[in-house]
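K.L.:
Below are the structure tokens for one structure; questions will follow.
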Amino acid sequence: MEYEFKKDFWWGAASSGPQSEGRFNKANDNVFDYWFDIKKDEFFNEVGPNIASNFYNSYKEDIKMMKEIGLNSFRTSIQWTRLIRDFETCELDNDGVRFYNDVIDECIKAGIEPIMNLHHFDLPIDLYNKYGGWESKKVVDLFSKFARKAFELFGDRVKHWATFNEPIVIIEGQYMYKHHYPQIVDGKKAVQAAYNLNLASAKAIKEFRKTDCYKNGGKICIILNLTPSYPRSNSEEDVKASNIADMFFNRMFLDPAVHGTFPKELVEIFKADGVMWDSTEEEDRIIKENTVDYLGVNYYQPSRIKAREKELDFKDNWMIDRYFERYDMPGKRINPHRGWEIYPEAMYDIAINIKNNYKNIPWYVSENGIGVEGEEKFRGKDGIIQDDYRIDFIKEHLIYLHKGIEEDSNCFGYHLWTPIDCWSWKNAYKNRYGFISLNLENMEKTIKKSGHFIKEVSKNGGF
Ligand code: BGP
2 MEYEFKKDFW WGAASSGPQS EGRFNKANDN VFDYWFDIKK DEFFNEVGPN
52 IASNFYNSYK EDIKMMKEIG LNSFRTSIQW TRLIRDFETC ELDNDGVRFY
102 NDVIDECIKA GIEPIMNLHH FDLPIDLYNK YGGWESKKVV DLFSKFARKA
152 FELFGDRVKH WATFNEPIVI IEGQYMYKHH YPQIVDGKKA VQAAYNLNLA
202 SAKAIKEFRK TDCYKNGGKI CIILNLTPSY PRSNSEEDVK ASNIADMFFN
252 RMFLDPAVHG TFPKELVEIF KADGVMWDST EEEDRIIKEN TVDYLGVNYY
302 QPSRIKAREK ELDFKDNWMI DRYFERYDMP GKRINPHRGW EIYPEAMYDI
352 AINIKNNYKN IPWYVSENGI GVEGEEKFRG KDGIIQDDYR IDFIKEHLIY
402 LHKGIEEDSN CFGYHLWTPI DCWSWKNAYK NRYGFISLNL ENMEKTIKKS
452 GHFIKEVSKN GGF
């Protein structure tokens with residue numbers, strides 16, 4: 002074996018409540034449920050989250066299939082809108098409690114470590130309408146109450162927790178680039194919401210520290226999509242632009258999560274531009290004192306940056322984009338279905354960055370993967386989808402990850418997005434990511450070639 006990984010390495014896959022469960026028996030709606038109800042045509046083929054991959058009804062069979070392909074760990078999320086009936090009083094929904102209990106028990110029975118995340122873009126719509134969602138400190142407090150409830154209910158069995166998945170995507174989607182409801186473009190609100198998300202994560206961690214789960218060795222992380230920032234050239238302007246993009250899109254969450262502080266230069270920019278967030282010393286202290294035990298890193302694509310060339314219109318709005326522009330690098334590899342660059346080398350850069358600049362904190366690859374449209378055409382006579390491109394993609398990324406681990410980066414696992422093809426926000430079922438395919442017409446699931454591949458990798462501890 003050329004690439005050997007540690008014995009207890011996590012070989013797994015990740016999904017989320019809103020993308021897999023379907024809305025069956027759900028006590029409340031989240032922003033995506035609501036958005037779909039009012040604007041179906043904004044979703045690919047007008048397919049929404051109502052059924053998703055039917056995990057609410059098929060979790061037993063799904064978890065069995067995950068075991069069948071050798072996965073030893075699985076991340077999903079507990080939906081705030083399923084577990085809680087009344088967000089203010091934190092009154093539980095009995096069926097929500099039953100459902101997550103069952104999912105967790107089923108995983109454990111199958112020998113699959115459950116990693117439970119508490120927020121995957123699924124803000125309750127009522128909390129947006131009533132308080133402005135993540136713009137509001139009230140919502141921060143309600144979130145930490147919900148988190149506390151989840152730790153109490155499931156912390157006897159769930160040993161690995163996550164506060165948020167990709168908080169920067171909430172900022173980009175809701176407040177900058179319009180790919181999440183309510184599609185606001187407002188840089189100042191973006192900055193406040195970013196602070197509040199960091200505070201919400203820290204407050205949830207603070208609650209976690211009080212629980213028996215933590216006292217008995219349970220651990221908590223935040224899941225960040227890191228997009229290493231590479232400047233177009235070594236010119237001072239490009240490097241400066243790239244550094245600002247890095248501070249905003251990566252370090253604005255990474256630094257507080259691990260060090261408890263925000264990048265100084267970024268804070269100076271916010272202050273100079275008059276968009277600094279509102280915070281108190283007490284809140285800063287909570288962020289400082291409640292850092293994560295480990296990190297989940299989602300990696301899909303790098304970020305290519307150049308100094309700004311075209312003017313942006315800032316008259317009535319401030320956007321961090323005034324300091325940089327996206328650089329469309331000639332010759333880059335691309336996944337045409339998703340439009341994302343493929344650059345496995347960044348996996349190594351991430352590993353070394355965490356090692357050198359983030360206390361070599363334990364971390365795992367919590368998502369990586371390739372979304373491909375029209376995979377049915379690769380189905381062979383044996384009924385198996387021949388997704389060799391996915392196997393190659395995984396191998397390439399693992400090779401660079403392995404190199405980082407050889408150099409002592411403290412990575413303990415690799416999760417693909419996703420175990421079974423699932424619903425994907427605005428793209429719905431356009432691009433498929435899973436080890437297991439899902440036929441939307443008859444809900445039939447079949448293991449792809451990559452599913453057979455990961456089984457071997459997991460069994461052998463490498464490839
Ligand atoms: C990540 C999200 C996932 C998932 C994945 C694939 O950013 O955490 O929820 O959706 O990306 O991206 P997409 O579904 O947009 O193709």
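This note's numbering numbers the first residue of the sequence shown as 2 and each following residue consecutively.
We put the CB at the ideal spot given by N, CA and C, even for glycine.
Return the bridge partner residues of N428 from the DSSP annotation.
P.N.:
Answer by DSSP bridge pairing: none, since N428 is not bridged.
K.L.:
Which term fits A273, buried or exposed, when burial requires 16 or more other beta carbons within 10 angstroms of its beta carbon?
P.N.:
exposed
K.L.:
List the DSSP bridge partners of F75.
P.N.:
Per DSSP, A14 and P115.
K.L.:
What do you reckon, is the C-beta of H121 under 7 Å from a heavy atom of ligand 1?
P.N.:
yes
K.L.:
For V373, does the three-state DSSP call read helix, strand or coil?
P.N.:
strand
K.L.:
Please report how far the alpha carbon of K356 lies from the alpha carbon of S410, in whole angstroms.
P.N.:
5 Å
K.L.:
Measuring CA to CA, which of E442, V240 and S367 is closest to E326?
P.N.:
V240
K.L.:
Going by beta-carbon coordinates alone, are I70 and K456 separated by less than 8 Å?
P.N.:
yes
K.L.:
Kindly indicate the opening and closing residues of the beta strand (DSSP E) around F165.
P.N.:
H161 to N166
K.L.:
Do the segment 190-198 and the segment 37-57 meet, that is, are 3 or more Cβ pairs less than 8 Å apart?
P.N.:
Touching, no, given that fewer than three Cβ pairs across the two stretches are closer than 8 Å.
K.L.:
For the segment 174-185 against the segment 229-244, do three or more pairs of beta-carbon atoms, one drawn from each stretch, fall closer than 8 Å, so that the two count as touching?
P.N.:
No contact exists between the segment 174-185 and the segment 229-244.
K.L.:
Determine the direct distance from the alpha carbon of K131 to that of T18, and round the result to whole angstroms.
P.N.:
Note on residue identity: the sequence assigns Gly, not Thr, to residue 18. Whole-angstrom Cα-Cα distance: 23 Å.
K.L.:
Identify whether D285 lies in helix, strand or coil by the three-state DSSP scheme.
P.N.:
helix
K.L.:
Note down the Cα distance separating L267 from H453, rounded to an integer number of angstroms.
P.N.:
If you take the alpha carbons of L267 and H453, they lie about 46 Å apart.
K.L.:
Here's the rule: buried if 16 or more other CB atoms are within 10 angstroms of the residue's CB, otherwise exposed. What is V186?
P.N.:
exposed
K.L.:
Label P232 either buried or exposed according to how many other C-beta atoms from any shown protein chain fall within 10 Å of its C-beta, with 16 as the threshold for buried.
P.N.:
Note on P232: 16 or more other CB atoms within 10 angstroms of its CB, so buried under the neighbour-count rule.
K.L.:
When the Cα atoms are used, what is the spatial distance from Q387 to S451?
P.N.:
Taking the straight line from one Cα to the other gives about 8 Å.
K.L.:
Would you identify the three-state DSSP class for F413, choosing helix, strand or coil?
P.N.:
In the structure shown, the three-state DSSP call for F413 is strand.
K.L.:
Please report the straight-line C-alpha distance between M67 and P420, rounded to a whole angstrom.
P.N.:
7 Å
K.L.:
Among E377, A201 and N361, which residue has its Cα nearest to the Cα of K139?
P.N.:
A201
K.L.:
Would you tell me roughly how many angstroms separate the C-alpha atoms of K378 and L399, rounded to the nearest one?
P.N.:
Approximately 27 Å, taken between the alpha carbons.
K.L.:
Apply the 10 Å Cβ neighbour rule to R99 and answer buried if 16 or more other Cβ atoms are within range, or exposed otherwise.
P.N.:
Counting C-beta atoms within 10 angstroms of its own C-beta, R99 has fewer than 16 neighbours from the protein chains shown and is therefore classed as exposed.
K.L.:
Does the Cβ of E342 lie closer than 7 Å to at least one heavy atom of ligand 1?
P.N.:
no
K.L.:
Which value, in whole angstroms, describes the spacing of the CA atoms of K8 and G414?
P.N.:
11 Å
K.L.:
Within its chain, find whatever has a CB closer than 8 Å to the CB of V276; leave out the 5 residues flanking it on each side and keep chain order.
P.N.:
G188, K189, V192 and W319
K.L.:
Looking at the structure shown, is G134 part of a helix, part of a strand, or coil, going by DSSP?
P.N.:
helix
K.L.:
Go through its chain and collect everything with a Cβ distance to Y359's Cβ below 8 Å, but skip five positions before and after it.
P.N.:
L255, V259, H260 and L296
K.L.:
Take every Cβ of the segment 201-220, pair it with every Cβ of the segment 296-310, and state whether three or more of those distances are shorter than 8 Å.
P.N.:
no
K.L.:
Indicate whether H424 and S145 have their beta-carbon atoms separated by less than 8 Å.
P.N.:
The sequence shown places Trp at residue 424, not His. No.
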